[in-house]
Amino acid sequence: MRGSSRIAPKITLVISSLFHARSALESRLVETLEKRFEVVVVCTEEVFEIYRQTLEQRACYFFQIDGSAENFSNRVMNAGAFRFKSRSSSFRYRIKRRIRESARFRTSQDSISINFPAVLSWGVIWFKLFIDGWILYRTYLVPRYRKILDANSSLVEIFKVVKPDAVVIWSQSMEPASSSAVRSARQLNIPSILIADNWDNLFSKTVLVEKPDLVGCFGMQSAYFGARLHGIPLENVVPLGSARFEIYREPEKIYGQRDTVLYVGSSIVAEDERVLRTLLKVKNDLEGAESLDATLIWKYRPHPFPQKSDLDMEGVLKEFTGLQVEKINDPDEGATSWPKLSDSVAELSRTCIAVCMPTSYLLEVRINSIEVIVPAFEDNSEVTSCNTLLSSLEHLKGLSSLSGVTIARSEVEIESRLREKISAPNFPPPDQTLDWFVQWSGEGFGQNLMNAVSRVLK
1 MRGSSRIAPK ITLVISSLFH ARSALESRLV ETLEKRFEVV VVCTEEVFEI
51 YRQTLEQRAC YFFQIDGSAE NFSNRVMNAG AFRFKSRSSS FRYRIKRRIR
101 ESARFRTSQD SISINFPAVL SWGVIWFKLF IDGWILYRTY LVPRYRKILD
151 ANSSLVEIFK VVKPDAVVIW SQSMEPASSS AVRSARQLNI PSILIADNWD
201 NLFSKTVLVE KPDLVGCFGM QSAYFGARLH GIPLENVVPL GSARFEIYRE
251 PEKIYGQRDT VLYVGSSIVA EDERVLRTLL KVKNDLEGAE SLDATLIWKY
301 RPHPFPQKSD LDMEGVLKEF TGLQVEKIND PDEGATSWPK LSDSVAELSR
351 TCIAVCMPTS YLLEVRINSI EVIVPAFEDN SEVTSCNTLL SSLEHLKGLS
401 SLSGVTIARS EVEIESRLRE KISAPNFPPP DQTLDWFVQW SGEGFGQNLM
451 NAVSRVLK
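Residues in the sequence shown are numbered consecutively from 1, following the numbering used here.
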């Protein structure tokens with residue numbers, strides 16, 4: 001074991017974004033790891049400033065990677081998705097969406113002298129992906145990407161100073177920071193663990209140019225598919241669960257009165273309007289019948305990154321009196337602000353039924369024993385509609401087998417299911433069907449990660 005003269009092995013946590021910091025720091029994971037290891041945090045200055053109270057009393061180093069690496073990593077990711085598209089329906093969906101959205105952008109720009117017909121534009125983009133994926137991927141793109149990482153990252157020098165026994169790297173997609181951290185650790189013969197910090201990461205957002213010693217993922221679904229897609233031995237892809245979900249294990253968590261109907265929104269404004277109008281109809285009917293359920297709280301949690309749309313939501317929001325709308329990011333205000341994990345605990349402790357798009361928040365809802373209605377309108381074939389996502393993305397396959405989840409294909413079905421769940425609420429606890437998607441039973445994320453670190457240290 002490296003550093004055997006120390007009382008405790010030293011590990012370095014690489015945290016490159018506020019999203020990862022939310023998982024690693026608000027969940028109090030660092031405190032858990034410090035019970036067995038000496039922990040050094042390597043993060044951006046932005047992360048440090050936001051989480052100064054947690055980090056200023058700990059060993060902490062700053063790093064930054066030039067934006068040019070981010071731009072090139074996107075090209076490598078798209079090329080890899082094209083090259084390996086036969087292995088993943090999520091990759092095929094990613095290509096389809098890229099072609100359609102790029103073509104729509106090109107044909108809408110007045111500044112472009114030639115207005116390409118859509119079919120020709122699709123062909124041009126597909127041909128570029130073909131060249132990048134099949135001709136340039138291994139011969140130019142990957143070697144060039146590695147040179148860019150080496151020239152724009154200070155992680156090798158930081159690791160030389162810190163001398164960790166193992167490096168734990170938080171990753172949401174094919175980020176230059178995570179690629180550089182894995183590469184830097186390998187150059188110094190330091191074992192590394194890459195944590196896929198969201199449900200869909202190993203399915204649609206990552207091409208592992210640099211392979212770590214272990215990959216930590218949500219559940220066995222991710223492990224089986226990630227191993228096959230990325231060519232990693234199954235035993236080296238470890239279901240850890242989710243660090244940010246651990247806050248729901250807190251002993252002081254107390255369920256209050258279950259009086260809230262929660263809608264967790266779509267990135268498509270039109271879908272949100274359809275769902276909200278359905279919820280409004282149910283609310284008005286309950287109030288008109290002077291039902292005891294008329295005292296329910298109705299809450300709308302918009303998607304943090306809604307697509308641009310000409311549709312105006314003001315009409316339905318004005319009609320929906322008493323609707324609590326959670327504040328979302330304003331793109332004009334700059335940096336992304338994620339909801340605090342503690343706010344989600346409070347929100348779900350009062351929720352009696354949730355209408356939820358198929359995001360990782362759906363898994364959080366089920367962890368809290370709340371039944372979920374997924375609104376997948378069968379008449380909506382838009383490329384980013386819930387209906388299309390359910391049929392296209394690998395990680396959503398089998399979602400209907402998750403206990404406590406109902407897929408609703410129309411407003412009528414949403415209304416029927418919602419009335420049923422409101423009149424006879426049921427709170428089925430998490431079971432083995434949840435473990436398939438995210439490891440929840442057992443000792444928890446912190447212990448699972450400590451076991452993984454101990455494994456790479458042997």
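Note that the Cβ used here is the ideal one computed from N, Cα and C, for glycine as well.
Everything numeric in this text was worked out from a predicted model, so none of it was measured.
Q) Is it right to say Y300 is buried, meaning 16 or more other beta carbons lie within 10 angstroms of its own, or is it exposed? A) The residue given as residue 300 occupies position 300 in the sequence shown. Y300 is buried by the Cβ-count criterion.
Q. Between S153 and the rest of its own chain, which residues show a CB-CB distance below 6 Å, the 5 nearest in sequence each way excluded?
A. The sequence position of residue 153 within the sequence shown is 153, counting from 1. Within the same chain, I65, S180 come within 6 Å of S153 by CB-CB distance, once the 5 residues on both sides are set aside.
Q.
Mapping the DSSP letters down to three states, classify F84 as helix, strand or coil.
A. By 1-based counting over the sequence shown, the position of residue 84 is 84. Looking at F84 - three-state DSSP - the assignment turns out to be coil, as it is neither helix nor strand.
Q: Return helix, strand or coil for K35, following the three-state DSSP convention.
A: Along the sequence shown, read from residue 1 onward, the residue named residue 35 stands at position 35. Three-state DSSP puts K35 in coil, outside helix and strand.
(Q) I'd like to confirm the pairing. Which residues does DSSP put opposite L262 in its beta bridges? (A) Translated into the one-based positions of the sequence shown, residue 262 becomes position 262. Looking at the DSSP assignment, L262 forms a beta bridge with K299, A354.
Q: Let me know the secondary structure DSSP gives M1 once reduced to three states.
A: As a working mapping, residue 1 is identified with position 1 in the sequence shown. Bear in mind that a pLDDT of 42 at M1, under 50, signals an unreliable position, so the model cannot answer this.
**Q.** Continuous alpha helix (DSSP H) assignments of at least 4 residues falling wholly in the stretch 42-103
**A.** Entirely contained in the stretch 42-103, the alpha helix (DSSP H) runs reaching 4 residues are, in chain order, 45-50, 52-55, 67-83.
Q: Below 8 Å on the Cβ atoms is my guess for L214 versus A452; work out the distance and round it to an integer in Å.
A: Position 214 of the sequence shown, counted from the start, is the residue given in the question as residue 214. Position 452 of the sequence shown, counted from the start, is the residue given in the question as residue 452. L214 to A452, Cβ: 6 Å. Contact.
Q | Rounded straight-line distance, which links the Cα of P191 to that of K211 | A | As a first step, residue 211 is located in the sequence shown; it is residue number 211 there, counting from the start. As a first step, residue 191 is located in the sequence shown; it is residue number 191 there, counting from the start. Taking the straight line joining both Cα atoms gives about 11 Å.
**Q.** Runs of beta strand (DSSP E) wholly within the stretch 354-436 (minimum 3 residues, chain order)
**A.** Annotation: the stretch 354-436 contains the following complete segments of the beta strand (DSSP E) (minimum length 3 residues), in chain order: 372-375, 405-408.
Q) Since G446 is in the alpha helix (DSSP H), which residue starts that stretch and which ends it? A) Locating residue 446 in the sequence shown gives position 446, where the first residue counts as 1. G446 -> alpha helix (DSSP H) spans 445-457.
Q: Given a cut-off of 8 Å, decide if L311 and E273 are closer than it, judged by their beta-carbon atoms.
A: Counting from one through the sequence shown, the residue named residue 273 turns up at place 273. Counting from one through the sequence shown, the residue named residue 311 turns up at place 311. Contact annotation: E273 and L311 have beta-carbon atoms nearer than 8 Å.
Q) Can you tell which of T260, S454, H303 has its C-alpha closest to the C-alpha of K283? A) Position 283 of the sequence shown holds residue 283. Looking at the Cα atoms, T260 is the closest of the given residues.
Q.
Please state the DSSP three-state secondary structure of V316.
A. As a first step, residue 316 is located in the sequence shown; it is residue number 316 there, counting from the start. In this structure, V316 counts as helix in the three-state DSSP scheme.
Q. In terms of alpha-carbon separation, which member of S416, R28, R366, T388 lies closest to S401?
A. Walking along the sequence shown from the start, residue 401 turns up at place 401. Residue nearest to S401 within the set S416, R28, R366, T388 is R366 (criterion: CA-CA distance).
Q) Do you know offhand how far D110's Cα is from D285's? A) Position 110 of the sequence shown holds residue 110. Position 285 of the sequence shown holds residue 285. Residue placement at D110 is flagged as unreliable, the pLDDT there being 42, under the threshold of 50; the coordinate-derived value follows with that caveat. Straight-line spacing of the CA atoms in D110 and D285 works out to 48 Å.
(Q) With three or more beta-carbon pairs closer than 8 Å as the criterion, would you say the stretch 15-35 touches the stretch 169-178? (A) Touching, per the Cβ criterion.
**Q.** First through last residue of the alpha helix (DSSP H) which encompasses S184
**A.** For this step, residue 184 is matched to residue 184 along the sequence shown. 176-187 is the extent of the alpha helix (DSSP H) around S184.
Q | Assigned secondary structure, I195 (DSSP; H/G/I helix, E/B strand, else coil) | A | On the sequence shown, position 195 is the one that residue 195 refers to. Strand.
(Q) Contact between the stretch 128-144 and the stretch 70-85 is defined here as three or more beta-carbon pairs at a separation below 8 Å; is this criterion met? (A) The stretch 128-144 makes contact with the stretch 70-85; the number of CB pairs closer than 8 Å reaches 3 or more.
Q) Does the stretch 195-207 touch the stretch 412-420, meaning 3 or more C-beta pairs lie closer than 8 Å? A) Too few Cβ pairs lie closer than 8 Å, so no.
Q: Compute the beta-carbon to beta-carbon distance between M450 and R36, rounded to the nearest angstrom, for a pair I have assumed lies under 8 Å.
A: Taking the first residue of the sequence shown as position 1, residue 450 is located at position 450. Taking the first residue of the sequence shown as position 1, residue 36 is located at position 36. Contact flag correct, Cβ pair sits at about 5 Å.
Q: Name the one or two DSSP bridge partners that K10 has.
A: Your numbering for residue 10 matches position 10 in the sequence shown. Looking at the DSSP assignment, K10 forms a beta bridge with E38.
Q.
With DSSP as the reference, identify every bridge partner of Q324, one or two as the case may be.
A. Translated into positions along the sequence shown, residue 324 becomes position 324. According to DSSP, which records beta bridges pairwise, Q324 is partnered with K299.
(Q) Measuring only the C-alpha atoms, how far is H395 from E31? (A) On the sequence shown, residue 395 is found 395 positions in, with the first residue counted as 1. On the sequence shown, residue 31 is found 31 positions in, with the first residue counted as 1. Cα to Cα, H395 sits roughly 31 Å from E31.
Q) What number of angstroms, rounded off, separates the C-alpha of Y51 from the C-alpha of P339? A) Here the question's residue 51 lines up with position 51 in the sequence shown. Here the question's residue 339 lines up with position 339 in the sequence shown. Answer to the nearest angstrom: the Cα atoms are 14 Å apart.
Q: Grab the span of the alpha helix (DSSP H) containing A24 for me, first residue to last.
A: On the sequence shown, residue 24 is found 24 positions in, with the first residue counted as 1. Per DSSP, A24 belongs to the alpha helix (DSSP H) from 18-25.
Q: Kindly indicate which residue of V119, V275, E378, Q307 has the alpha-carbon position closest to the one of C356.
A: Residue 356 sits at position 356 when you count from the first residue of the sequence shown. For the residues V119, V275, E378, Q307, the minimum Cα distance to C356 belongs to V275.
Q: Check S344 in the structure and name its three-state DSSP category.
A: Here the question's residue 344 lines up with position 344 in the sequence shown. In this structure, S344 counts as helix in the three-state DSSP scheme.
**Q.** Meets three-Cβ-pair contact criterion under 8 Å: the stretch 371-390 and the stretch 83-90
**A.** Here the stretch 371-390 does not lie against the stretch 83-90, with fewer than 3 beta-carbon pairs under 8 Å apart.
Q. Using the beta-carbon count (16 or more within 10 Å), is W298 buried or exposed?
A. As a first step, residue 298 must be located in the sequence shown, where it is residue number 298. When all chains shown are included, W298 counts as buried.
Q.
Let me make sure I understand the geometry here. Which of F320, E364, A376, V264 has the alpha-carbon closest to that of P304?
A. Indexing the sequence shown from 1 puts residue 304 at position 304. Ranking F320, E364, A376, V264 by CA distance to the CA of P304 puts V264 first.
Q. Between I247, L240, L390, A151, which lies nearest to W436 when the distance is taken from Cα to Cα?
A. By 1-based counting over the sequence shown, the position of residue 436 is 436. Taking only the C-alpha atoms, the option nearest W436 is L240.
Q | Range covered by the beta strand (DSSP E) that runs through S222 | A | Working through the sequence shown from its first residue, we reach residue 222 at position 222. Per DSSP, S222 belongs to no beta strand (DSSP E); it is in the alpha helix (DSSP H), 220-230.
Q | Contacting residues, own chain, Cβ-Cβ under 8 Å from C352 (five flanking each side not counted) | A | Locating residue 352 in the sequence shown gives position 352, where the first residue counts as 1. Answer for C352: R258, D259, T260, V261, L296, I370, K421, I422, P425, listed in chain order.
Q) Of the residues Y93, W170, P358, which one's Cα is nearest the Cα of P375? A) Position 375 of the sequence shown, counting from 1, holds the residue named residue 375. The residue with the shortest Cα to Cα distance from P375 is P358.
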